[in-house]
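Everything on this sheet refers to the single structure shown next.
So this is what it looks like as structure tokens:
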């Protein structure tokens with residue numbers, strides 16, 4: 059069976075082999091993301107339910123596990139309403155422009171040192187550039203809806219995204235200074251050693267700034283004034299319904315997962331095992347099941363990502379919404395000065411070659 | 122035709138198309154969005170020249186930041202297109218002269234003796250380990266460090282000047298004193314009075 063399939067594969071021309079193999083790899087990334095998004099919504103409702111001493115969804119399927127499927131089916135069968143006076147093409151283009159960058163960024167994200175779709179040299183810069191495109195979907199959605207609420211929501215949201223991108227960019231500058239590379243694989247490899255070697259210690263303020271900026275970038279609570287339902291109904295996507303709305307939803311959750319994964323990669327050692335240096339070398343790098351579990355691997359990356367995703371949900375259940383001027387103040391007057399000061403401090407640390415992070419070079 | 126050539130012509134066609142749409146489309150928002158597309162296509166062309174740092178920076182700075190602000194302004198202004206078109210015939214001669222001048226200058230630079238194939242041969246493709254970013258950084262911070270510093274100083278001056286020119290404080294505007302808000306303590310504002318419950322009359 060496998061032999062015949064392999065021989066069919068080898069009979070294809072070389073460019074077609076490459077093309078089909080790449081498409082399979084893309085599917086292997088996109089399908090888990092879509093499933094992850096679906097079950098992240100369930101996790102969100104469950105976690106917030108437990109925080110508020112409720113049970114959360116438990117009717118559809120065993121323990122409510124089929125709830126996301128039911129939601130997806132419901133959204134698919136809803137009518138897509140295009141408001142009168144809306145700009146038809148841009149109205150339908152906007153959700154695509156939001157989802158596109160949210161998925162494209164995953165092309166350069168490494169899952170282990172060899173498991174990466176495209177290991178390009180400037181992957182950090184690429185991610186920064188691609189995620190900065192997501193704001194167009196928001197602006198166009200707000201403008202094309204021909205609705206004042208949507209327009210106000212779009213202005214709020216895009217101003218917030220543009221402001222926090224600066225702090226985020228400076229935090230990334232610190233990461234690439236510490237790692238000496240723009241390549242995400244090399245950034246993780248620069249953190250090898252032990253839990254104490256990971257960048258969360260020398261870059262602790264940047265770690266916090268990056269994660270909170272990510273929270274603001276994805277318009278999540280407590281920075282979700284973009285959709286502040288008490289003031290402007292639902293922000294830029296008020297006029298959307300059915301699949302068009304759910305694509306915005308998909309993009310928001312895919313972005314949450316991307317931010318969590320990047321935080322894990324850049325500050326918590328990515329796929330590196332936290333037992334390095336604590337446990338013996340043969341236990342970590344042996345061939346048994348134990349070393350498969352305790353050694354480096356994608357499961358550590360996923361665990362760390364899940365931790366940050368849980369933080370997203372926990373914050374939403376805990377904190378009240380920020381006021382808009384306070385969000386702007388936090389971004390421009392608190393985060394950006396902190397990042398600039400830390401670039402200078404980090405420069406000093408690297409020049410002095412402070413162990414255990416910067417003594418190698 | 123090789124694959125590279127096909128990709129080049131596709132992106133070049135998109136670039137020319139969107140650039141001409143920028144100046145012909147009536148709706149200013151559509152024009153701005155076409156400009157975004159033009160930036161994107163030219164970034165793709167730069168990528169093909171192995172200038173990946175410049176290409177990504179073009180997307181990051183122009184598409185991700187500058188054009189967003191452009192769109193903000195264009196969307197919020199209610200631009201009256203008829204008023205803009207009013208002086209079309211009157212300004213046409215000046216426009217034509219300017220356009221001809223620009224074409225002449227570009228023809229001198231691009232078509233002349235400077236950028237022909239023997240002066241500018243196609244760059245030899247580098248290996249996968251070649252880092253355009255590193256090369257650029259090396260040049261920028263060693264050979265061209267003074268021009269680089271001067272350029273950044275000029276930019277800072279421009280930022281400060283722009284803010285100083287547009288910042289105006291109207292008298293009588295109410296501001297929030299954030300420091301006072303943050304420093305507020307409950308004991309200064311709330312007085313807890315302890316008293317015995319009184320009997321109902």
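Residue numbers (my numbering), protein chains in the order written: chain A, 59 to 419; chain B, 122 to 322. Ideal Cβ positions, reconstructed from N, Cα and C, are used throughout, including at glycine.
Checklist entry - In this structure, does DSSP put residue 400(A) in helix, strand or coil? => result helix
Next on the checklist: Would you call the region 160 to 167 of chain B in contact with the region 177 to 184 of chain B, where contact means no fewer than 3 C-beta pairs closer than 8 Å?
Outcome noted: yes
Next on the checklist: Counting beta carbon pairs with one atom in the region 186 to 195 of chain A and one in the region 139 to 150 of chain A, are three or more of them shorter than 8 Å?
Outcome noted: no
Next on the checklist: Pop quiz: residue 277(A) and residue 215(A) are said to be a contact at Cβ under 8 Å. What is the actual Cβ separation, rounded to whole angstroms?
Outcome noted: 6 Å
Item to check | Under the three-state DSSP convention, the category residue 292(B) falls into | outcome: coil
Checklist entry - Which residue from 238(A), 186(A) and 94(A) puts its Cα closest to that of residue 258(B)? => result 238(A)
Item to check | Chain-ordered chain B contacts of residue 379(A) [CB-CB under 7 Å] | outcome: Correct list: empty, because the minimum Cβ distance to chain B is about 16 Å.
Next on the checklist: Please report the straight-line C-alpha distance between residue 211(B) and residue 218(B), rounded to a whole angstrom.
Outcome noted: Distance between the alpha carbons of residue 211(B) and residue 218(B): 13 Å.
Next on the checklist: I want to verify the contact list: residues of chain B whose CB lies under 8 Å from the CB of residue 216(A), in sequence order.
Outcome noted: 189 and 193
Next on the checklist: Residues of chain A with CB closer than 7 Å to the CB of residue 260(B), please, in chain order.
Outcome noted: Think of a sphere of 7 Å around the beta carbon of residue 260(B): no beta carbon from chain A falls inside it, the nearest being about 16 Å out.
Item to check | Cut-off 6 Å between Cβ atoms - residues of its own chain near residue 367(A), not counting five sequence neighbours on either side | outcome: 318
Next on the checklist: Any beta carbon from chain A within less than 7 Å of residue 139(B)'s own beta carbon?
Outcome noted: With respect to chain A, the C-beta atom of residue 139(B) has no partner C-beta closer than 7 Å.
Item to check | 6 Å CB neighbourhood of residue 280(A) in its chain, flanking five on each side removed | outcome: Leaving aside the five residues that flank residue 280(A) on each side, the residues in its chain whose CB is nearer than 6 Å to its CB run, in chain order, 377, 379 and 380.
Item to check | Spatially closest choice to residue 252(B) from 174(A), 199(A) and 241(A), by CA coordinates | outcome: 241(A)
Item to check | Residue range of the unbroken alpha helix (DSSP H) whose run includes residue 326(B) | outcome: Outside the shown range of chain B (122 to 322) lies residue 326(B), about which nothing can therefore be said.
Item to check | Segments of 4+ residues assigned as alpha helix (DSSP H) that fall wholly inside the region 139 to 187 of chain A | outcome: 146 to 162
Checklist entry - Buried or exposed: which applies to residue 155(B), given that a residue is buried once 16 or more other Cβ atoms fall within 10 Å of its Cβ? => result buried
Next on the checklist: For residue 265(B) and residue 235(A), I'd like the C-alpha separation in whole angstroms.
Outcome noted: 21 Å
Item to check | Terminal residues of the alpha helix (DSSP H) in which residue 155(B) lies | outcome: Residues 149 to 169.
Checklist entry - Taking just the CA atoms, how far does residue 236(B) sit from residue 398(A)? => result 42 Å
Checklist entry - Touching or not, the region 320 to 331 of chain A and the region 254 to 261 of chain A, by the rule of three or more beta carbon pairs under 8 Å? => result yes
Checklist entry - Taking all protein chains shown into account, do 16 or more other C-beta atoms lie within 10 angstroms of the C-beta of residue 145(A), making it buried, or fewer, making it exposed? => result buried
Item to check | residue 285(A) - containing alpha helix (DSSP H), residue span | outcome: Where residue 285(A) is concerned, there is no enclosing alpha helix (DSSP H), given that its DSSP letter is neither H nor E.
Checklist entry - Is the Cβ of residue 318(A) closer than 7 Å to any Cβ of chain B? => result no
Checklist entry - Residue range of the alpha helix (DSSP H) that residue 336(A) falls in? => result Per DSSP, residue 336(A) belongs to no alpha helix (DSSP H) and is neither H nor E.
Next on the checklist: So if I threshold CB-CB distances at 9 Å, which residues from the region 269 to 285 of chain B count as touching chain A?
Outcome noted: Listed by position along the chain: nothing, the set is empty.
Item to check | Residue environment, residue 205(A), which counts as buried when at least 16 other CB atoms sit within 10 Å | outcome: buried
Checklist entry - Can you name the residues of chain A whose CB is closer than 7 Å to the CB of residue 177(B)? => result 180, 183, 184 and 187
Checklist entry - So the alpha helix (DSSP H) residue 358(A) belongs to, where does it begin and stop? => result 356 to 376
Checklist entry - To the nearest angstrom, how far is it from the Cα of residue 310(A) to the Cα of residue 96(A)? => result 12 Å
Checklist entry - Using 7 Å as the limit for Cβ to Cβ distance, is residue 185(B) near chain D? => result In summary, chain D is missing from the structure at hand, where the protein chains are A and B.
Next on the checklist: Give me the chain B residues within the contact set of residue 201(A), using Cβ-Cβ distance strictly less than 7 Å, ordered along the chain.
Outcome noted: 150 and 196
Checklist entry - With 16 as the cutoff for other CB atoms within 10 Å, does residue 226(A) come out buried or exposed? => result Residue 226(A) counts as buried, since at least 16 other C-beta atoms from the protein chains shown sit within 10 angstroms of its C-beta.
Checklist entry - Where do the N-terminal and C-terminal ends of the alpha helix (DSSP H) with residue 137(A) fall, by residue? => result Per DSSP, residue 137(A) belongs to no alpha helix (DSSP H) and is neither H nor E.
Next on the checklist: Tell me which residues share the same chain as residue 175(A) and place their Cβ nearer than 6 Å to its Cβ, disregarding the 5 neighbours each side in the sequence.
Outcome noted: 83 and 165
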